[in-house]
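Read through the structure below, which is laid out as structure tokens, and then see the notes.
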Amino acid sequence: MSDKIMDHYEVLTELKNSTKKDLEEANKLYKIAESLLIYNQKMWPIHLKSLMEKEQNSVTIFKNKYPSSVYALEELYEGSKEESVKLLKRFPAYFEKACKEASLDIDPTSRHPRYRVCNSFIEVEISEKMERARIFDREGILEEITCDIGAIIESLQFHKERLFGREFNGMKFLLNVYRQYEYLIKKEKMSKGDSIPIRKITTRMGKNIKEFRTDEFLLDISRLVRENILVIDGWKLDFQQTKDSKKGILLHGFEDRGYVGFITFKKEVSE
């Protein structure tokens, strides 16, 4: 890709300072030019190509206002088209290399166009035709973005840190689940030890906990099981299965147990 557009950085300043005439148009052109610079610096050819095609009218206005930018913009567009074709043609090899460099593990059973990463908890699905990447986990879509590899890696690193880089206090989390369970048991006029749908627990936590995410809940409750942090105030967390995947959750690392549909706390029996 050409870096000659950098020679026209003064255009950005001129656009930014256009406060009297055609302010709305000037601001739009400024944002487009700024994005082109960023995508060029990050070497994201598909982002470049897509933006220039989407904003074709604005790019034409830009060329008319700043004739000195015409050659650079045309060269940038043609270069981005060429690089986009190369990237998509060899996507599996480039993506595997980028993940390795970013310390993102790919499940060895993954096959293009679908990849499982981060202990197989996050998945990436590539649409070459649409030039898009869907990034999702067991609780739904996380992002849908233009499928430049660098952009995908940035997204995966963000969600990896969000999901696996958080501080974890097992007893604090267990206490929170226990309190939600007690509240719902009382509200439903049920007895302690009865089962509550796990989605009712997550729904209530979503209403009462700021920035609550069900995928984080899934990982945390899976960690309780893995680390055997299950007993609080003499009551032990237990699970019951469901065949309905929409009403249950699949514990991370315990997929062979099937979907958890209900939770309960059973009185711990002293030996």
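Convert by adding 21 to the 1-based position in the sequence shown; the result is the number in my numbering.
Heads up, the beta-carbon is just placed ideally off N, CA and C, and yes, glycines get one too.
None of these values were measured; they are calculated from a predicted model.
- K118 and R132 have their C-alpha atoms some 15 Å from each other.
- In this structure, DSSP gives E144 an extended state, which the three-state scheme calls strand.
- Three or more Cβ pairs closer than 8 Å define a contact, and the segment 96-104 falls short of that threshold against the segment 156-166.
- Taken through DSSP and simplified to helix, strand or coil, K70 comes out as helix.
- Note on the segment 96-152: whole alpha helix (DSSP H) runs with a minimum of 4 residues are 112-122, in chain order.
- Residue state for F189 is assigned as coil, using DSSP reduced to three classes.
- Under DSSP, E164 shares a beta bridge with I156.
- In the three-state scheme derived from DSSP, where H, G and I count as helix and E and B as strand, V246 is classed as helix.
- Excluding residues up to 5 positions away in sequence, S243, R247 lie with their Cβ nearer than 7 Å to the Cβ of G274 in the same chain.
- In this structure the segment 249-263 touches the segment 190-210; the number of beta carbon pairs closer than 8 Å is three or more.
- I162 places its beta carbon 8 Å or farther from that of A123.
- Shown here, L258 sits in a strand according to DSSP, grouped into three states.
- Here P134 is near I147, since their CB atoms are less than 8 Å apart.
- DSSP places F275 outside both helix and strand once states are collapsed to three, so it counts as coil.
- In the three-state DSSP reduction, G171 falls in the helix class (H, G or I).
- Under the DSSP assignment, Y87 falls outside any beta strand (DSSP E); it carries neither an H nor an E label.
- In the structure shown, the three-state DSSP call for F283 is strand.
- Classified as buried, V138 has 16 or more neighbouring CB atoms from the shown chains inside 10 Å of its CB.
- Taking the C-beta atoms as reference points, F286 is found no nearer than 8 Å to I219.
- Secondary structure note for S56: its alpha helix (DSSP H) is the uninterrupted segment 44-63.
- For M226, the enclosing alpha helix (DSSP H) starts and ends at 219-229.
- In the three-state reduction of the DSSP assignment, K181 falls in the helix class.
- Residue pairing from DSSP places T263 in a beta bridge opposite Y280.
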